[in-house]
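Student:
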DNA sequence: TAGGCGGCTACACACACGTGTAATAACCTA
DNA sequence: TAGGTTATTACACGTGTGTGTAGCCGCCTA
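Chains as they are written, first to last, in this note's numbering: chain U, -11 to 194; chain P, -11 to 194.
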């Protein structure tokens, strides 16, 4: 399919795909080399080590994501650009990879997580949303988004479809919009929850 | 600390702890055996194999979680039992383990995921919440909850505290209540998102 | 008290993985 | 065309891991 690319690029693409599918640890350099139709030695020649390969994938993925987002904003400028962009197959793959890399403790992905939290805090400041702890609010929101990508296998199973298909991924996005467009907890339940959490701060009773 | 337990129980406890911390793959049977102060051979003697050990941990964790929940409901019966129970250290550890096991493709954890989705659907039926796709709604909600457990390291880093501490975990719970108690998207934005997603279903334009 | 049985250990095996090394082919340049 | 650098391969090494095997020790029973 992409055999017209340079070997280095083919290795990188195969690595991102296999890392996203299997996870960083389980995906071996031999798997990746075979998927790219090269020897495992060439992989090492180009990237030095497995960690070097992952670093290169991190850099490429973050940069590529920024490019895709910029293209989308420049072309459309819609507020819903985030949604139509999220179902782009390439964008989905890159996000899946970055979340996997994040689970493995990648420094680059850690930085991206922090950037996302900061962006969320900024966004929160412009919203009519009340929070006593904006940073925790934004951080939990980002973690929830990650959950959608990490639980793809489980989601595919319970929904009976492959959510990697853009059309079915859109189903997840619609559900998430439904979740965030209306409150799940009424004021009474929310206050009860707050009270319960406050009670935990000073657990006097046995 | 728990050296008064039988060796089998000590191995199981150590396995759940290390599996939850490192993940199923990275945690070796030698690590677990050492943490339980036994030889790796004894682990194999009791559980047959690493997968046998994980199955035993799955069974114990699911059963123990059910017991803890039942105790909480029987003793309090409060609607906020779910919240006070979530910060119980043992309950937190078990959930962390089950999510890890789920990521590794454990059959028992898969069943638990499906049960949680079904419970979510049932709960949704009693709520004044509108959804065109209740199953997807519930599934995404469960996946988001999992995200909070899988992203613990990242959350701890950006918040500057160890969220494994029950007090700091309560901070996450408070943020999640804030998220779910008020809509993030107003009607206009939500409709725009729905429209954007509908437009994707029939992508005529280039 | 003799015998058996389960808890428990030490040690060795096979395999897969990341890594290292030497050699070959291609390609560009002087 | 000669030379050297890069792309590419095949193969061997060390290590860590799950697994297998033989044996020892304590308890319980007949």
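Cβ atoms here follow ideal geometry from the backbone N, Cα and C, with glycine treated the same way.
Bear in mind that the values here come from a model prediction, so they are computed numbers and not experimental data.
(1) Could one say the Cβ of residue 153 of chain U lies closer than 8 Å to chain P's Cβ atoms, at least one of them?
(2) Check residue 118 of chain U in the structure and name its three-state DSSP category.
(3) Just how far apart, CA to CA, sit residue 132 of chain P and residue 133 of chain U?
(4) So for residue 179 of chain U, helix, strand or coil by DSSP?
(5) How should residue 189 of chain P be labelled, buried or exposed, when 16 other C-beta atoms within 10 angstroms of its C-beta is the threshold for buried?
(6) Between the alpha carbons of residue 154 of chain P and residue 124 of chain U, how many angstroms are there, rounded?
(7) Can you name the start and end residues of the alpha helix (DSSP H) that residue 3 of chain U belongs to?
(8) Apart from the five residues just before and just after residue 31 of chain U, which ones in its own chain have a Cβ nearer than 6 Å to its Cβ?
(9) Alpha carbon to alpha carbon, what distance is there between residue 61 of chain P and residue 54 of chain P?
(10) With distances taken Cα to Cα, identify the nearest neighbour of residue 51 of chain U among U:25, U:37 and U:99.
(11) Mind checking if residue 99 of chain U is an interface residue toward chain P, Cβ cutoff 8 Å exclusive?
(12) Closer than 8 Å by C-beta to residue 122 of chain U: which residues in its own chain qualify, once you throw out the five before and the five after it? Chain order, please.
(13) Do residue 151 of chain U and residue 160 of chain U have their C-beta atoms within less than 8 Å of each other?
(14) Is the Cβ of residue 178 of chain P closer than 8 Å to any Cβ of chain U?
(15) Can you check whether the CB of residue 136 of chain P is closer than 8 Å to the CB of residue 128 of chain U?
(16) For residue 6 of chain P and residue 183 of chain P, I'd like the C-alpha separation in whole angstroms.
(17) Rounding to the nearest angstrom, what Cα-Cα distance links residue 35 of chain P and residue 84 of chain P in this structure?
(18) Grouping DSSP H, G and I as helix and E and B as strand, with all else coil, what is residue 155 of chain U?
(19) Contact check, residue 165 of chain P vs residue 178 of chain U under 8 Å by CB: the rounded distance?
(20) Grab the span of the alpha helix (DSSP H) containing residue 15 of chain P for me, first residue to last.
(21) Does residue 86 of chain P come within less than 8 Å of chain U when only Cβ atoms are used?
(22) Within the continuous alpha helix (DSSP H) that includes residue 43 of chain P, where are the two ends?
(23) Go to residue 147 of chain U, then tell me how far its alpha helix (DSSP H) extends in each direction, as first and last residue.
(24) Using C-beta distances below 8 Å, list every residue in its chain close to residue 23 of chain U, excluding the 5 sequence neighbours before and after it, in chain order.
(25) How far does the alpha helix (DSSP H) with residue 93 of chain U in it extend, from its first residue to its last?
(26) At a cut-off of 7 Å, is residue 50 of chain U close to the ligand NAD when judged by its beta-carbon and the heavy atoms of the ligand?
(27) Specify the secondary structure class of residue 79 of chain U as computed by DSSP and reduced to three states.
(28) Just checking: is the beta-carbon of residue 82 of chain P within a distance shorter than 8 Å of some beta-carbon in chain U?
(29) Roughly how far, in whole angstroms, is the beta-carbon of residue 90 of chain U from the beta-carbon of residue 142 of chain P, given that I think they are within contact range, below 8 Å?
(30) At the level of alpha carbons, what is the spacing between residue -6 of chain P and residue 115 of chain P?
(31) Determine the direct distance from the alpha carbon of residue 181 of chain P to that of residue 71 of chain P, and round the result to whole angstroms.
(32) Using the Cβ count rule (16 or more neighbours within 10 Å means buried), how would you classify residue 73 of chain P?
(33) With respect to the alpha helix (DSSP H) encompassing residue 30 of chain P, which residues constitute its N-terminal and C-terminal limits?
(34) Taking the alpha-carbon positions, what's the residue 97 of chain P to residue 8 of chain P distance?
(35) Please state if the CB of residue 117 of chain P and the CB of residue 172 of chain U are separated by a distance shorter than 8 Å.
Tutor: This is what the structure holds:
(1) no
(2) coil
(3) 7 Å
(4) helix
(5) exposed
(6) 15 Å
(7) -5 to 10
(8) -1, 17 and 21
(9) 11 Å
(10) U:99
(11) no
(12) 109, 112 and 113
(13) yes
(14) yes
(15) yes
(16) 46 Å
(17) 22 Å
(18) helix
(19) 6 Å
(20) Neither: residue 15 of chain P is in no alpha helix (DSSP H) and is coded neither H nor E.
(21) no
(22) 38 to 63
(23) 140 to 147
(24) 2, 5 and 6
(25) Element bounds for residue 93 of chain U: n/a, residue is neither H nor E.
(26) Because no ligand of any kind appears in the structure shown, any question about the ligand NAD cannot be addressed here.
(27) helix
(28) no
(29) 6 Å
(30) 46 Å
(31) 32 Å
(32) buried
(33) 28 to 35
(34) 13 Å
(35) yes
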